[in-house]
Amino acid sequence: MIFSSWQFAFFFAVVFGVYWAVPGRRFRHGFLLAASYVFYAAWNTKLLSIVIGLTLFDYGVGLGLEHVQGERRRRVLLIASLAANLGILAVFKYADFFVISLRDLLANAGIHTGWHTLGIILPVGISFHTFQTMSYTIDVYRRRIPACRSLVDFALFVAFFPQLVAGPIVKAVEFLPQLRNDKRFDWSRLDAAVMLFLVGLTKKLLIADNFATLVDPVFADPTHFTTRDLWLAMLCYGGQIYCDFSGYTDMAIATARLLGFDMSENFRNPYLAIGLSDFWRRWHISLSTWFRDYLYIPLGGSRTGPWRTGANLMITMLLAGLWHGASWTFVVWGAIHGVALISSKWCASIGEWLPRRGRTIVAWAVTFLVVHVAWVFFRCQPVIPAGASEPEPTVAALSRALYFVKHLVIPVAVDHPLWLMNKGPMLALLGLMAAFQLLDERRRRGSDPIRLPAPIAGVSYACWILVLVILSPENTNPFIYFQF
Numbered sequence: 003m004i005f006s007s008w009q010f011a012f013f014f015a016v017v018f019g020v021y022w023a024v025p026g027r028r029f030r031h032g033f034l035l036a037a038s039y040v041f042y043a044a045w046n047t048k049l050l051s052i053v054i055g056l057t058l059f060d061y062g063v064g065l066g067l068e069h070v071q072g073e074r075r076r077r078v079l080l081i082a083s084l085a086a087n088l089g090i091l092a093v094f095k096y097a098d099f100f101v102i103s104l105r106d107l108l109a110n111a112g113i114h115t116g117w118h119t120l121g122i123i124l125p126v127g128i129s130f131h132t133f134q135t136m137s138y139t140i141d142v143y144r145r146r147i148p149a150c151r152s153l154v155d156f157a158l159f160v161a162f163f164p165q166l167v168a169g170p171i172v173k174a175v176e177f178l179p180q181l182r183n184d185k186r187f188d189w190s191r192l193d194a195a196v197m198l199f200l201v202g203l204t205k206k207l208l209i210a211d212n213f214a215t216l217v218d219p220v221f222a223d224p225t226h227f228t229t230r231d232l233w234l235a236m237l238c239y240g241g242q243i244y245c246d247f248s249g250y251t252d253m254a255i256a257t258a259r260l261l262g263f264d265m266s267e268n269f270r271n272p273y274l275a276i277g278l279s280d281f282w283r284r285w286h287i288s289l290s291t292w293f294r295d296y297l298y299i300p301l302g303g304s305r306t307g308p309w310r311t312g313a314n315l316m317i318t319m320l321l322a323g324l325w326h327g328a329s330w331t332f333v334v335w336g337a338i339h340g341v342a343l344i345s346s347k348w349c350a351s352i353g354e355w356l357p358r359r360g361r362t363i364v365a366w367a368v369t370f371l372v373v374h375v376a377w378v379f380f381r382c383q384p385v386i387p388a389g390a391s392e393p394e395p396t397v398a399a400l401s402r403a404l405y406f407v408k409h410l411v412i413p414v415a416v417d418h419p420l421w422l423m424n425k426g427p428m429l430a431l432l433g434l435m436a437a438f439q440l441l442d443e444r445r446r447r448g449s450d451p452i453r454l455p456a457p458i459a460g461v462s463y464a465c466w467i468l469v470l471v472i473l474s475p476e477n478t479n480p481f482i483y484f485q486f
């Protein structure tokens, strides 16, 4: 059940109507929790037990951290919580990866084990809700927040369906206080939320899904395409992943607002970033701040000298890459960002001889290029060949990515290119994506949206949805970040 489906439209219509009809916070919270579990169970009923089990465990750990005396005992509780969350994540997300990586390594050394993947099903959104609960127990351990007394409220914090499967990662200090406030229905809030949801839906259906139909064949086998096509495919994938993920975030934030909850923004025009540090202040903000607060700063941050700072940055980005998926191409993606972040800190003074405007343009261009070249490794993932029972070796995906990047620089001509001769649709989609970045910037700066009378707004929204239905591809792709 994804936000861009008719099933979700029906589901949310029922949830919205019942939620605002039910009086009292206790009943509303209980109903929202039940609805969130139904939403998650639509993917896999059995895997819902993992969410519930971790919720009960971390709820108990939170209470224990508040009542147990002695730092040693409190540290044992914290380690138990981290071990449970990271252990579940390691088994479900990385077990197959390490088994196959070790098998391939041994095979290269002449030792053939015959090992196969374990066939473990990856619970949707596991990387998000485990990080969310870990931030809670860490903050309780640090005494930054009190432990949550209500099991229903804590369970709703973990499982709140708008952000359960693909974020944003919401901290307890941001969400739990909102459960203590009585919520009143607000028509102006509804209007703004519906507008935001439709913007996100447009990014997903009209731009991201149309980009996917054009770029997927190129990344599947880049050897059939020219250098010009590879460049265009790289740029279009950057547009696809931005519109796909920021579109999901827009819809998640809008859905939460329709239920009276606020979530902070997760994207801030990332392709306008000047420098890699600036990019990570704009892209997937909830994840970048999580790694900053719970990994980079505890490692020492930038307070321990340039060499240690570089090591801290590299460790953080390598783990950020591995967080995204069990593949060496994700690790390479993280390594590229780590090297770029270290280089930007060590080479900050090189461009001082340029005028200020020139430095800005050069910094933007370099950042834009590095980010998009890194997207090539992010996108090139192992696939399951026709007739095979398990994915191809990771090295095959890595080889495709290296070929792709190599021929961005070294021109290659193809006798019978498979891609569209007319690149107009792709350029139009890139222009539309740029327009949405400008729209996001206008909204971020607080420009008042155009207010229309309710009947006109209703007709306008209906026409908007009709246009999306007509112009969107027949098959809606799952959101890219659902796999993480």
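The numbering used here runs 2 ahead of the 1-based position in the sequence shown.
Every residue, glycine too, gets a C-beta built ideally from N, C-alpha and C.
DSSP places residue 411 in the helix class (H, G or I) of the three-state scheme.
Take residue 39, set aside five residues on each side of it, and the residues of its chain with a beta-carbon closer than 7 Å to its own are 50 and 161, in chain order. The three-state secondary structure of residue 210, taken from DSSP, is helix. Judged by beta-carbon spacing, residue 199 lies beyond the 9 Å limit of residue 177, meaning their Cβ atoms are not closer than that value.
In the structure shown, residue 182 adopts helical secondary structure according to DSSP, grouped into three states. Under the three-state reduction of DSSP output, residue 163 falls in the helix class.
In this structure, residue 169 sits away from residue 321, with a CB-CB distance that is not shorter than 9 Å. Around the beta carbon of residue 190, fewer than 16 other beta carbons sit within 10 angstroms, so the residue counts as exposed. Counting every other CB atom within 10 Å of its CB across the protein chains shown gives residue 252 a total of 16 or more, marking it as buried. Exclusion of the five residues before and after residue 144 leaves no residue of its chain whose Cβ lies closer than 7 Å to its Cβ.
Taking C-alpha positions only, residue 324 is separated from residue 333 by approximately 6 Å. Where residue 9 is concerned, the enclosing alpha helix (DSSP H) starts and stops at 8-23. Counting the other CB atoms within 10 Å of its CB gives residue 134 a total of 16 or more, which places it among the buried residues. Distance between residue 5 and residue 383, taken at the CA atoms: about 25 Å. Excluding sequence positions up to five before and after residue 302, its CB lies within less than 8 Å of the CB of 310, 311 and 314, all in the same chain and listed in chain order. Boundaries of the alpha helix (DSSP H) harbouring residue 253: 229-260, taken from the DSSP string. The residues 61, in chain order, have a CB closer than 7 Å to that of residue 153 in the same chain once the five nearest residues on each side in sequence are set aside.
Look at the region 287-330 and you find these whole runs of alpha helix (DSSP H), each 4 residues long or longer: 287-293 and 308-326. For the set 221, 381 and 338, the Cα lying nearest the Cα of residue 369 is the one of 338. Annotation: residue 55 to residue 87 spans about 10 Å, alpha carbon to alpha carbon.
The continuous alpha helix (DSSP H) containing residue 141 extends over residues 128-143. Nearest neighbour of residue 237 by Cα position, chosen from 431, 329, 374 and 69, turns out to be 374. Secondary structure of residue 439 (DSSP, three-state): helix.
The C-beta distance from residue 207 to residue 406 rounds to 27 Å, too long to meet the 8 Å contact threshold.
In the assembly as shown, residue 165 is a buried residue. Its beta-carbon has 16 or more other beta-carbons within 10 Å.
Residue 282: member of the alpha helix (DSSP H) spanning 278-282, first to last residue. For residue 60, the uninterrupted alpha helix (DSSP H) run begins and ends at 50-69, by DSSP.
For residue 285, no alpha helix (DSSP H) segment is defined, and its DSSP state is neither H nor E. In the displayed model, residue 123 falls within coil according to three-state DSSP, outside both helix and strand.
About 5 Å separates the beta carbons of residue 37 and residue 17, which is inside the 8 Å limit, making them a contact pair.
Taking the CA atoms as reference points, residue 101 sits about 38 Å from residue 305.
The beta carbon of residue 362 is closer than 8 Å to those of 276 in its chain, skipping five residues each way along the sequence.
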